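Residue numbers (our numbering), protein chains in the order written: chain A, 3 to 289; chain B, 295 to 570.
The C-beta atom is built at its ideal place from N, Cα and C for all residues, glycine as well.
All figures in this text were calculated on a predicted structure; none of them were measured in a lab.
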């Protein structure tokens, strides 16, 4: 008799980093996974090791039709979809004034528009599957970042994309709750993945005016690549616990650095708001 | 005399801020896709320069700034106000609709900001004010994609504030709640073409609410415009300025939710570092 509790996942960006490690963990525990990447040859080891439960699909979230095709594989192979993981994404370093549209638009295409399109393509199947299990078992796991909660010099446009993911996720959570689907926003701090290595894009233009701010971030990205404190393998059990929970959190920051920075941000918002509250609450029409 | 550069100045917040700035004795470059609409709304004034600007055009942004500097020689305050809403579920929003709202609300804001910054850097002074929304801090059903454009503005503005501080330039994100402007009018608000019956209880209800709330919103935009004058006069302007009791309440509510979740999950999430 098959494991009634085994879930079906679709994960974007499985070549490396969190996507790869999460796919491995899901397969290792007996779940079924549609593993995806732009280069399907990077996924050969998954299907070699898990021929029954892994399916590899070429998926570029920015390519029209790709998301729907991957969802179709989940439906035809595994008969449903429980968990969508929107992990594919990358960063861009440069001051707001330094980065050009040709540099940041592709990042918005992947990190935001691609995430939306993948989600839209998967939702009908997610809703259908959750309705069939009747157990509020659907999950949409969106990878944001500590940079989706707090901005950092040199990461402004990347921050823009991850803040956007958080906004979409919050509204989505309200919209899909009654359909048995929970949304979980993952907010890693600095983790040892390809984020600062093969994945990062860097603005061509360097303005001396930003040497001490964004320039320092450029240096940081080089020296910190491969040195980040966060171990993605240790993050996986935490993510799985959140995803498996009957009532998952909407937000899951990962890493001490993420918590410290998020708490700092909440305190700053509170301080600004308190300082201006009198004026801010006096803007209504007189009764 | 300060010089303001205000996008989307032919109506709504933009027009009202322009009026108050002029009344305060300042000069204003008031931009709109059709500059005649600025004159129609605000009349002619020696300190008012209506300029054509579709924020989605990089070229027009550069030209508008050149015109501003030719007439007034400086830009002290940039108000990135041009923007519009998209109402619909995330699943209902087509790629084209998503692209449209990002093109104006995010990419347009960036184009104008990049066009203005070199002048502010030369001055080693200035104030960039980006109009966000309560929906840019905490999302609502039916407003996810629009909200996400404002979330994006908030994120990039936080980074921008750090980058510009050493250059003597301030950055403030303004978060209006529900204010009585044309925002919910059919001519301003983009509604998704697709309607999915499964979202009737959430997004469908929001569509009904929006129709009923149009021109009945509690916020007085004249008071918001007055708040902008106070903001630019402040010695230490905040990075974030929620405006409206509804916004203040929503921000506090979200912060409490985030704090509660972090308290619940932080011990687990602290276990993720590599062993020392």
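Handout entry: Cβ pair count under 8 Å reaching 3, the segment 458 to 467 of chain B against the segment 531 to 541 of chain B
Key = yes
Handout entry: Runs of alpha helix (DSSP H) wholly within the segment 392 to 417 of chain B (minimum 4 residues, chain order)
Key = 403 to 417
Practice task
Take the Cβ of residue 561/B as the centre, count every other Cβ of all protein chains shown within 10 Å, and call the residue buried at 16 or more, exposed below.
Solution key: exposed
Problem - Unbroken beta strand (DSSP E) run spanning residue 184/A, endpoints - result: 183 to 190
Exercise for the section: Could you tell me which chain B residues have their CB closer than 8 Å to the CB of residue 264/A, listed as they occur along the chain? Expected result: 552 and 556
Exercise for the section: Go through its chain and collect everything with a Cβ distance to residue 250/A's Cβ below 6 Å, but skip five positions before and after it. Expected result: 184, 186 and 244
Exercise for the section: Drop a sphere of 10 angstroms on the beta-carbon of residue 432/B, count the other beta-carbons inside from all chains shown, and report buried for 16 or more, exposed for fewer. Expected result: buried
Exercise for the section: Give the residues from the segment 410 to 433 of chain B that approach chain D closer than 9 Å (Cβ to any Cβ), ordered along the chain. Expected result: No chain D appears in this structure, whose protein chains are A and B.
Problem - Touch test, the segment 108 to 127 of chain A against the segment 383 to 396 of chain B, Cβ-Cβ under 8 Å, three pairs minimum - result: yes
Problem - Alpha-carbon spacing of residue 37/A relative to residue 129/A, whole angstroms - result: 20 Å
Exercise for the section: Identify whether residue 303/B lies in helix, strand or coil by the three-state DSSP scheme. Expected result: coil
Handout entry: Proximal residues of chain B, C-beta to C-beta of residue 278/A below 7 Å
Key = 532 and 535
Exercise for the section: Would you mind stating whether residue 455/B and residue 165/A have Cβ atoms separated by less than 9 Å? Expected result: no
Problem - Euclidean distance between Cα positions of residue 536/B and residue 22/A - result: 40 Å
Handout entry: 7 Å Cβ shell around residue 319/B - same chain, five flanking residues per side excluded
Key = 295
Exercise for the section: Please name the residue or residues paired with residue 140/A in a DSSP beta bridge. Expected result: 183/A
Problem - Reference residue 372/B; option with closest CA among 508/B, 338/B, 315/B and 476/B - result: 315/B
Handout entry: Near-chain A residues of the segment 488 to 513 of chain B (beta-carbon distance less than 7 Å), N- to C-terminal order
Key = 492, 493, 495, 496, 497, 512 and 513
Problem - CB-CB length for residue 489/B against residue 513/B, believed under 8 Å - result: Wrong, their Cβ atoms sit about 28 Å apart, outside the cutoff.
Exercise for the section: Could you name the residues of the segment 202 to 225 of chain A whose beta carbon sits closer than 8 Å to any beta carbon of chain B, in the order they occur along the chain? Expected result: 211, 212, 214, 215 and 216
Handout entry: Interface flag, residue 445/B vs chain A, CB-CB below 9 Å
Key = yes
Problem - Nearest-angstrom Cα separation, counted from residue 239/A out to residue 569/B - result: 16 Å
Handout entry: With 16 other Cβ atoms within 10 Å as the buried cut-off, status of residue 224/A
Key = exposed
Problem - contact_flag[the segment 264 to 278 of chain A, the segment 493 to 507 of chain B] where n(CB pairs < 8 Å) is 3 or more - result: no
Problem - Three-state class that DSSP yields for residue 568/B in the structure shown - result: coil
Handout entry: chain B contact for residue 270/A (CB, 9 Å cutoff)
Key = yes
Handout entry: Backbone CA spacing between residue 4/A and residue 10/A [nearest angstrom]
Key = Bear in mind that the predicted position of residue 4/A carries a pLDDT of just 39, short of 50, making it unreliable; the figure below should be weighed with that in mind. One C-alpha to the other measures close to 13 Å.
Problem - Collapsed DSSP secondary structure at residue 346/B in the structure displayed - result: strand
Practice task
Mind listing the chain B neighbours of residue 161/A? Cutoff is C-beta to C-beta under 7 Å, in chain order.
Solution key: 449, 450, 452 and 453
Handout entry: Nearest-angstrom beta carbon gap, residue 302/B and residue 376/B [assumed within contact, 8 Å]
Key = 3 Å
Handout entry: For residue 559/B, the three-state DSSP class (helix, strand or coil)
Key = helix
Handout entry: Start-end ranges of the alpha helix (DSSP H) lying completely within the segment 301 to 340 of chain B, minimum 4 residues
Key = 306 to 317 and 329 to 336
Problem - Alpha carbon of residue 527/B to alpha carbon of residue 134/A, nearest angstrom - result: 59 Å
Practice task
Please work out which residues of its chain come closer than 7 Å, Cβ to Cβ, to residue 404/B, disregarding the five sequence neighbours upstream and downstream, and give them in chain order.
Solution key: none
Handout entry: Exposure of residue 330/B, with buried meaning 16 or more beta-carbon neighbours within 10 Å
Key = exposed
Handout entry: 7 Å Cβ cut-off: residues of chain B touching residue 243/A
Key = 562
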